[in-house]
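Some notes on the structure that comes next.
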Amino acid sequence: MPAMTRKQFLQAMAASAAAGTLPAVLRASQPDPGETPTEELILTDAMVLTMDDTRRAFESGFVWLRDGRVHRVGDSTQLGTPPAGVTIRSLAGRVIMPGLVNCHTHLSNGILRGLYDEMPLEVWFSRGMWPVLDALDAKAANAGAELALLELMASGVTTIAGGDFGTPHADLLDGVLEAAHDSGIRAIVSRITVDSADETSPSQFIPAGYRETPQRAVDEVRRLQRQHDSERITVAPEALGVLRCTPEMVTAMHEVAVDSGAPYLMHAASSPEERTEALRRFGHGPISELDRLGVLGPRTLLAHAVWLDDGEIGLLADHGTGISHNPVANAYYASGIARLAELLEAGVPVGLGTDGASTNNGQNVWETMKMAMLFQKQRLERASFGSAELALELMTRGGAAALHMPERIGSLEPGKAADLIVIDARRAALSPPQTLVSNLVYANDRHAVRDVYIGGRPVVLDGEHQLLDRERVLARAQAAAQRVLARADLADYLRQRGQWQWQRSAKP
Ligand SMILES: [Zn+2]
139 MPAMTRKQFL QAMAASAAAG TLPAVLRASQ PDPGETPTEE LILTDAMVLT
189 MDDTRRAFES GFVWLRDGRV HRVGDSTQLG TPPAGVTIRS LAGRVIMPGL
239 VNCHTHLSNG ILRGLYDEMP LEVWFSRGMW PVLDALDAKA ANAGAELALL
289 ELMASGVTTI AGGDFGTPHA DLLDGVLEAA HDSGIRAIVS RITVDSADET
339 SPSQFIPAGY RETPQRAVDE VRRLQRQHDS ERITVAPEAL GVLRCTPEMV
389 TAMHEVAVDS GAPYLMHAAS SPEERTEALR RFGHGPISEL DRLGVLGPRT
439 LLAHAVWLDD GEIGLLADHG TGISHNPVAN AYYASGIARL AELLEAGVPV
489 GLGTDGASTN NGQNVWETMK MAMLFQKQRL ERASFGSAEL ALELMTRGGA
539 AALHMPERIG SLEPGKAADL IVIDARRAAL SPPQTLVSNL VYANDRHAVR
589 DVYIGGRPVV LDGEHQLLDR ERVLARAQAA AQRVLARADL ADYLRQRGQW
639 QWQRSAKP
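If you want it as structure tokens, here you go:
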């Protein structure tokens, strides 16, 4: 509430009483729909997977939510008599588990889904990459982010880390952050920057209009933090990559992260080409270069980390650097299968990510869990690798560790945020119940997620988002995608991409 004298306050009250409205000063002080206090609630009679340090799981348990946090968890028979006024919901036949943590996505890319499937490189260079980014203005990014969030949250995601470009449209991040705020999600949103003018590697080349100075990038991160940081939303700096950014930019972004207490994000070791080019430029791999620049600290989260040597895995473990493993997106670009088994063995904090809809294409975290296990079995030629339990742990407490938020999220324990999901176990794909945990991951029926709570607030109930209007989100996404395709001159390419003979409808 803005500072005002008692007299001003009373005058405002009197004026508004006369007009029959709420005074502006009180409207401004009202918590917005995403921040209203939550009711005290007990969810009981459900299977409860806590993901706590000892991995307790209750066949019939309860979770008690108070002031946006988990108050108590236990066996239903131990609940006792709650005080009057506490709402109790019986959830027999349901599973309650911590909300899912998606460690890597790009929210604005919600409207770019399907665009890049098998795109020829010459199209990608001429129209696919930079012209599309140029066409993504704040309004389109907001529409894309709402679409991505609608899908993510209905699938059970309660926390995301995702980056979007701060150039060429300075307000693109504002569009994304407003969508994150309105949706009720818990999010680390990074502002991606690039400044390298090295032209020797075409895939890493940055056109002039997308580069900026480190000082401008610092100023913009600070501005976004001032305008958008909240209990749920954290704006973080991101230097896109060690080849697409100068050392000055990489260290400047890390410094602003340290100074503001935010995480520091990067894409790293994503492709064999990146490794080859790093070896040529630096004489060592990308992770070793980040170590040389002093940015592998315990606030850093690296996306992909596919191409690593043993020494670099050791560096990641020594520094406690978080990793987002994105198996589906890596496969989309045939860029290799990460050394997940070795990363886990070394003790690196690893979470799972979908990556953006432009490189995945769904924001299907359940599929990501399954593929994380299957690709690793293939790589190791060892069917005994991993487990459904491991996949669920990576998508919850693993993600929390990778995002450096293990005290706040990732498991159902007293004092942690009440971020949880309720799954209908009585679905065909989740039956028979004797192998329910396996079914959750390997039969991955994401529509089994019925309710999603973030900070104790129901953001999805019975599959429907409570804060985003589905029809409006879909309509805005369609319109925004159309504008982007037209501006990037991709509409004809998309129409002629397949071999099928489409017959135009006779209807107007
Ligand atoms: Zn990415």
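End of the sequence shown = 646 in the working numbering, gap-free, step of one. Glycine included, each C-beta is placed from N, C-alpha and C at the ideal position. Because the structure is a prediction, the values reported are computed rather than measured.
Inter-residue spacing [alpha-carbon to alpha-carbon] between Gly313 and Pro306 | 14 angstroms
Is the beta carbon of Ala441 within less than 6 angstroms of some heavy atom of ligand 1?
-> yes
My guess is that Val560 and Leu217 are in contact by the Cβ rule of under 8 angstroms, so how many angstroms apart are they, rounded?
-> That pair is no contact at about 17 angstroms.
Roughly how many angstroms lie between the CA atoms of Ser198 and Ala184, to the nearest whole one?
-> 5 angstroms
Straight-line Cα distance separating Arg642 from His585 = 33 angstroms
In chain order, what residues of the same chain have a beta carbon less than 6 angstroms from the beta carbon of Ala567, not counting five sequence neighbours either side?
-> Ala581, Asp583
Which listed residue (Leu290, Val388, Leu578, Ser334) has its alpha carbon closest to that of Gly601 = Leu290
From Ala405 to Val575, what distance separates their C-alpha atoms?
-> The question names Ala, but residue 405 is His in the sequence shown. Roughly 32 angstroms separates the two Cα atoms.
Counting only runs of 4+ residues fully inside the segment 515-575, write out the alpha helix (DSSP H) ranges in chain order.
-> DSSP runs (the alpha helix (DSSP H)) wholly in the segment 515-575: 526-531, 537-540.
If you measure from the CB of Asp333, is any heavy atom of ligand 1 nearer than 6 angstroms?
-> no
If His603 sits next to Ala292, beta carbons under 8 angstroms apart, how far is it from one beta carbon to the other, in whole angstroms?
-> 6 angstroms
Check whether the Cβ of Asp302 sits closer than 6 angstroms to any heavy atom of ligand 1, and report yes or no.
-> Taking the Cβ of Asp302 as the reference point, every heavy atom of ligand 1 lies at 6 angstroms or farther away.
Helix, strand or coil for Trp268, going by three-state DSSP, please let me know.
-> helix
So Arg329 packs on Thr297, CB below 8 angstroms; how close in whole Å?
-> Actually they do not touch by this definition, with Cβ atoms about 18 angstroms apart.
Find the nearest neighbour of Glu234 within the set Phe523, Ala286, Val587, judged by alpha-carbon distance.
-> Looking at the sequence shown, residue 234 is not Glu but Ile. Nearest C-alpha to Ile234: Val587.
Would you grab the beta carbon distance between Glu358 and Gly304 for me? Rounded to a whole angstrom, and I think it's under 8 angstroms.
-> 5 angstroms
Any idea which residues DSSP pairs Ala377 with across the strands?
-> Partner(s): Thr331.
Ser214 in three-state terms, based on DSSP | helix
Would you say Asp493 touches ligand 1, meaning its beta carbon is less than 6 angstroms from a heavy atom?
-> yes
Segment contact, 8 angstroms Cβ cut-off, at least three pairs: the segment 613-626 with the segment 280-287 | yes
If you draw a straight line from the C-alpha of Gly449 to the C-alpha of Met543, how long is it?
-> 26 angstroms
When we look at the beta-carbon of Glu337 and count the other beta-carbons within 10 Å, is it buried (16 or more) or exposed?
-> Exposed is the call here.
Return helix, strand or coil for Asn582, following the three-state DSSP convention.
-> coil
Would you check if the distance between the CB atom of Thr497 and the CB atom of Tyr470 is smaller than 7 angstroms?
-> yes
For Ala184, which residues does DSSP report across the bridge?
-> Gly199
Give a yes or no on whether the C-beta atoms belonging to Ser473 and Pro236 are separated by under 7 angstroms.
-> no
Alpha carbon to alpha carbon, how far is Gly485 from Ala455?
-> 6 angstroms
How about Ile326 and Ala374: are their beta carbons less than 7 angstroms apart?
-> Yes, Cβ-Cβ distance for Ile326 and Ala374 is below 7 angstroms.
With C-beta atoms as the reference, is Gly489 less than 7 angstroms away from Cys241?
-> Yes, the pair counts as a contact, with Cβ atoms nearer than the cut-off.
Does the beta-carbon distance from Leu238 to Val186 come in below 7 angstroms?
-> no
Starting from the C-beta of Trp268, find all residues in its chain whose C-beta is less than 6 angstroms away, skip the five residues before and the five after it, and write them out in chain order.
-> Pro345
Beta bridge counterpart(s) of Ile592 as assigned by DSSP | As a beta-bridge residue in DSSP terms, Ile592 pairs with Arg595.
Per DSSP, Pro236 forms a beta bridge with which residues?
-> Leu558
For Pro424 and Pro220, the rounded distance between their alpha carbons = 55 angstroms
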